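Chemist:
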Amino acid sequence: MKSKISAAALAVALAAGPALAQDGLTVGLQLEPPHMDPTSAAAGAIDQVVYANVFEGLTRFGSDGSVNPGLASSWDISEDGLTYTFHLVEGVKFHDGTDFEATDVVFSLDRARGEDSVNAQKALFAGIQSVEAVDPATVKVTLSAPDGMFLFKMAWGDAVMVAPESIEDIKTAPVGTGAFTFGNWVQGDSITLQKNADYWGEPAMLDSATFKFISDPTAAFAAMMAGDVDVFVAFPAPENLPQFDADPRYNVLIGNTEGETILAMNNAREPFSNKLVREAVAHAINRQDIIDGAMFGYGTPIGTFFAPHNPDYVDLTGLSNYDPEKAKALLEEAGVALPLKVKMTLPPPSYARRGGEILAAQLRAVGIEPEIENVEWAQWLENTFRNAHDYDLTIISHTEPMDISSLANPDYYTGYDNPAFAEVIEKVGVESDPEVRSELLKQAQTMLAEDYVAGFLFELPLHTVAKTGVEGLWVNMPTQATDLTAVHWAK
Amino acid sequence: MLRYTLTRFLSLCLSLAVASVVIFFAIEVLPGDPASIMLGVNAQPDTLAALRAELGLDQPMVARYLAWVTGLLQGDFGISYTYRTPVAQMIVDRLAVSLPLALYALGLTVVIAFPVGIWAASRRGSVGDVSIMGLTQLGVAIPNFWFAMLMVLVFAINLQWFSAGGFAGWDAGLFAVLKSLTLPAVALALPQASILARVMRSALLDTLSEDFIRTARAKGLSRRQALWRHALRNALIPVLTIIGMQFSFLLAGGIIIENVFYLPGLGRLIFQAISARDLVVVESVVMLLVFAVILVNFLVELAYAAVDPRLRAR
Chain A
659 MKSKISAAAL
669 AVALAAGPAL
679 AQDGLTVGLQ
689 LEPPHMDPTS
699 AAAGAIDQVV
709 YANVFEGLTR
719 FGSDGSVNPG
729 LASSWDISED
739 GLTYTFHLVE
749 GVKFHDGTDF
759 EATDVVFSLD
769 RARGEDSVNA
779 QKALFAGIQS
789 VEAVDPATVK
799 VTLSAPDGMF
809 LFKMAWGDAV
819 MVAPESIEDI
829 KTAPVGTGAF
839 TFGNWVQGDS
849 ITLQKNADYW
859 GEPAMLDSAT
869 FKFISDPTAA
879 FAAMMAGDVD
889 VFVAFPAPEN
899 LPQFDADPRY
909 NVLIGNTEGE
919 TILAMNNARE
929 PFSNKLVREA
939 VAHAINRQDI
949 IDGAMFGYGT
959 PIGTFFAPHN
969 PDYVDLTGLS
979 NYDPEKAKAL
989 LEEAGVALPL
999 KVKMTLPPPS
1009 YARRGGEILA
1019 AQLRAVGIEP
1029 EIENVEWAQW
1039 LENTFRNAHD
1049 YDLTIISHTE
1059 PMDISSLANP
1069 DYYTGYDNPA
1079 FAEVIEKVGV
1089 ESDPEVRSEL
1099 LKQAQTMLAE
1109 DYVAGFLFEL
1119 PLHTVAKTGV
1129 EGLWVNMPTQ
1139 ATDLTAVHWA
1149 K
Chain B
111 MLRYTLTRFL
121 SLCLSLAVAS
131 VVIFFAIEVL
141 PGDPASIMLG
151 VNAQPDTLAA
161 LRAELGLDQP
171 MVARYLAWVT
181 GLLQGDFGIS
191 YTYRTPVAQM
201 IVDRLAVSLP
211 LALYALGLTV
221 VIAFPVGIWA
231 ASRRGSVGDV
241 SIMGLTQLGV
251 AIPNFWFAML
261 MVLVFAINLQ
271 WFSAGGFAGW
281 DAGLFAVLKS
291 LTLPAVALAL
301 PQASILARVM
311 RSALLDTLSE
321 DFIRTARAKG
331 LSRRQALWRH
341 ALRNALIPVL
351 TIIGMQFSFL
361 LAGGIIIENV
371 FYLPGLGRLI
381 FQAISARDLV
391 VVESVVMLLV
401 FAVILVNFLV
411 ELAYAAVDPR
421 LRAR
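Chains as they are written, first to last, in our numbering: chain A, 659 to 1149; chain B, 111 to 424.
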């Protein structure tokens, strides 16, 4: 009898064990960061671990893409829009115990815009003329031209605050101001963060968080099913989502990223320098078939180069509705010889490889004969995107927030050269009246859609699979980040 | 014996020198600029130039080759472009996974293959022999990643005896390490054991039909005694060759299994480094693997001499 009681007690203790231990969280991610410095690489995987958790900027993104106060609690903007005076949160300490002060802001911004800066988004800081520390809690930033996007730019992971004392080892031992401190890195396997007990703001609700890196989609599925990870952000196997959705042990969160996925056409060379041919391609595309076939039904159709969840988005999908007959007529009007042979260069992501096969079939139906060439990421960057722009068609998702302005550059890989569009984008840059800005952004979107600059396909979705009971996760991804500051287990 | 060892050693050095040239230049001509991959699509030309200078990519290729080889000779493998940490340390970290995994899998291979091969050879043509040959044929044919996924399904997802992958780390203790390496090792070992068992069986059968075995039998030894005392040692030469090749394969060829079980081993390091154009890492790891293969072959050749005294005279 006695042994029975103790067995029962043990069973209770075992059952209670996991519930008590649930102050940690294991998050699965597909890509491992190369190092821990978000200010010197484009790797989104770095921000995915450290943004908002370890490092913070003057401002920060919320889950809905809004720009909120970060290490700057408030700011004053001068009448001419040239001077930003940031009032810093007082009493903030870096994880190594040193104070966060105005001089650190000066150091961080000067480092990012300096001559030997290797910041991947150096353009964010191009408008800054000078940064000075007025007193330990006040920083004055002077711009060379008014910039309505300046606070937005300061929220990027590439603009986080770092300290001169710890910059030497930032790549392996990052020291920030965030709610989590960097713990341990088993290279190739996982990174652990610990709760920062001395955090200046609302403390984290988790005691620790472990990021586990699992690149293979099948392995990601197995890890989730076996209970090795609690959450998988950007789950790579959309075909398995219905299975998780039907399982009461899991929740599936479907959100948006900033990724406009497009069939880019090389506007700078034949045959896509001809707007009629581009228009024909646009009408040959059946977006829903691509979303169903390549994305397992997830993804919002877009009609221009803008995120549909943005309040300034205009739905222009009607301009490029699926109409193969019209596409054929347009090709005839353009006077190109059919079948029109073109090259379609596909980078590795599955939306491109799977989407490319479907798109190629749709284009063949109207007389365009794409020859598919699968390339590695490095080759794509080198030949398609960076140097020679040696491509006719390619599929790519542009994941940076508010990247419509990149199309204004005629030397960009899209080769779109429209001075009127560039002028609108320039106006957006300096306009600080929100209503005028909104009008200008809508105008810019319409110009892109009417010029059929690219085949606008869909907004890349974000799938997150979480164990039931995990709360406070970001549903959308306005910037690459896994903000864990509000994540907790249900009580 | 000394002369035999020396000539083998010289050919080892020569192979390494040739390999270093081939590896370095074959990898450097790959299209793709490491700096532009690291800084992504929004990088400006001046930032790219600054990073290239920081990485030493603005130096001519021959100068970089010489610097790399001199470094290697001194045990300095360089600094990884992407991780910005010494390559030597990365290799050591990854070897802490790949080497035990390869040895574990090789151990399982030998433990399975030897008894099975010997048993089948000693019962040639029996039902047991035929069914073992059928099973090993299946073992060779089944792709190891498929078998691995099947094991994950059964042992990790349904029974939850093992985790679906990952490496606990040596800090977690030997038991935890063995636990994380067991499924991958079994997946790697199964096809190898099938191959080795078949080689073992046929090598033994060849030897058993030789004259000296008949002489041994004529002396009055039983079939079993002849097999254990005379045939086995003579049959070991082809078996050793295969084991040597299998070890090199297990060390370098675990890429797919490492992906299925997301183990941070050498294979995955190479895979990641190639797509990130982390050329220093690719070159150094490939060089190391070449060295391992050549070294294993060298050791196997020495082992031949130990097993078969006739080879020493040559």
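Using N, Cα and C, we set each Cβ at its ideal position, and we do this for glycine too.
Quick caveat, the model's predicted, so the values are computed rather than measured.
Using a Cβ-Cβ cut-off of 8 Å, state whether B/L248 counts as contacting chain A.
Modeler: Interface with chain A (8 Å Cβ-Cβ cutoff): B/L248 is excluded.
Chemist: Using Cβ-Cβ distances below 7 Å, what residues of the region 1022-1044 of chain A are close to chain B?
Modeler: Residues E1034, W1035, A1036, Q1037, L1039, E1040, N1041, F1043, R1044.
Chemist: I want to know whether the region 919-930 of chain A touches the region 1079-1087 of chain A - three or more CB-CB distances under 8 Å.
Modeler: Three or more beta-carbon pairs separated by less than 8 Å are not found between the region 919-930 of chain A and the region 1079-1087 of chain A, which leaves the two stretches without contact.
Chemist: Nearest-angstrom Cα distance between A/L996 and A/K984?
Modeler: 15 Å
Chemist: How big is the Cα-Cα spacing for B/A341 and B/L306?
Modeler: 17 Å
Chemist: Decide if B/T180 is buried, meaning its Cβ has at least 16 other Cβ atoms within 10 Å, or exposed.
Modeler: So B/T180 counts as exposed.
Chemist: Given that a residue counts as buried once 16 or more other Cβ atoms are within 10 Å of its Cβ, and exposed if not, what is A/D734?
Modeler: Burial call: exposed.
Chemist: What in chain B is Cβ-close to A/N898, meaning under 9 Å?
Modeler: Listed along the chain, the chain B residues whose CB falls inside 9 Å of the CB of A/N898 amount to none; the nearest CB is some 12 Å away.
Chemist: For A/P894 and A/A878, I'd like the C-alpha separation in whole angstroms.
Modeler: 7 Å
Chemist: Can you find the residues in the same chain that come closer than 6 Å, C-beta to C-beta, to A/P794, ignoring five residues on each side of it along the sequence?
Modeler: E759, A760
Chemist: Flag A/S1063 as yes if its beta-carbon sits less than 8 Å from any beta-carbon of chain B, otherwise no.
Modeler: No, A/S1063 does not count as interfacial toward chain B.
Chemist: Helix, strand or coil for A/V725, going by three-state DSSP, please let me know.
Modeler: Per DSSP, reduced to three states, the secondary structure at A/V725 is strand.
Chemist: Compare the beta carbon distance of B/A136 and B/S146 with 8 Å and say whether it is the shorter of the two.
Modeler: Cβ distance not < 8 Å, so B/A136 and B/S146 don't count as in contact.
Chemist: Going by DSSP in three states, A/Q852 sits in which element: helix, strand or coil?
Modeler: strand
Chemist: What's the C-alpha gap between A/E916 and B/I189?
Modeler: 34 Å
Chemist: When DSSP labels each residue in this structure, what does B/Q270 get in the three-state scheme?
Modeler: coil
Chemist: Is the Cβ-Cβ distance between B/F272 and B/V370 less than 8 Å?
Modeler: no
Chemist: To be precise: take each residue of the region 839-871 of chain A, compare its Cβ to all Cβ atoms of chain B, and keep it if any distance is under 8 Å. Which residues remain?
Modeler: V844, Q845, G846, D847, S848, K870, F871
Chemist: Using a C-beta cutoff of 8 Å, does B/Q154 count as contacting chain A?
Modeler: yes
Chemist: Is it true that the region 710-719 of chain A meets the region 728-747 of chain A, where meeting means three or more beta-carbon pairs spaced less than 8 Å apart?
Modeler: With a cut-off of 8 Å on Cβ pairs, the region 710-719 of chain A is in contact with the region 728-747 of chain A, counting three or more such pairs.
Chemist: When you compare only the Cα positions, how much space is there between A/R1095 and A/V725?
Modeler: 16 Å
Chemist: Using a Cβ-Cβ cut-off of 8 Å (strictly less than) and excluding sequence neighbours within five positions of B/W280, which residues of its own chain qualify?
Modeler: So the list reads A206, V287, once near-sequence residues are dropped.
Chemist: Which one of A/S788, A/D827, A/T743, A/T850 has the shortest CA to CA distance from A/L809?
Modeler: A/T743
Chemist: Can you list, in chain order, the stretches of the beta strand (DSSP E) that have 3 or more residues and sit fully within the region 783-814 of chain A?
Modeler: Complete beta strand (DSSP E) runs here, min 3: 786-793, 796-801.
Chemist: In whole angstroms, what separates the C-alpha of A/G846 from that of B/V237?
Modeler: Going by the C-alpha atoms only, they are around 47 Å apart.
Chemist: Taking A/N925 as part of the alpha helix (DSSP H), name the residues at either end of that continuous run.
Modeler: First-last for A/N925: undefined, no H or E at that position.
Chemist: Can you tell which of A/V747, A/G682, A/L767, A/P804 has the C-alpha that lies nearest to the C-alpha of A/D738?
Modeler: A/P804
Chemist: On a CA-only basis, which of A/F1043, A/Y980, A/H967 is nearest A/E937? Give me that one, please.
Modeler: A/Y980
Chemist: Beta-carbon within less than 6 Å of B/R162's beta-carbon, same chain only, minus the 5 sequence neighbours each way: which residues are those?
Modeler: A145, D168
Chemist: Would you call the CB atoms of A/F1177 and A/N711 closer than 8 Å?
Modeler: Not covered by the structure: residue 1177 of chain A. The range shown for chain A is 659 to 1149.
Chemist: Near B/A274, which residues of its chain fall below 8 Å by C-beta distance, leaving aside the five closest residues on each side in sequence?
Modeler: Within the same chain, Cβ atoms closer than 8 Å to the Cβ of B/A274 are found at V262, A266, I267, F371, the five residues on either side in sequence being excluded.
Chemist: Mapping the DSSP letters down to three states, classify B/Y214 as helix, strand or coil.
Modeler: helix
Chemist: Distance check for A/P696 and B/L209, CA to CA, integer angstroms please.
Modeler: 33 Å
Chemist: Is the Cβ-Cβ distance between A/Q1138 and A/Q706 less than 8 Å?
Modeler: yes
Chemist: Does DSSP put A/M819 in a helix, in a strand, or in coil?
Modeler: coil
Chemist: Check whether chain A comes within 8 Å of B/I365, counting only Cβ atoms and requiring the distance to be less than that.
Modeler: no
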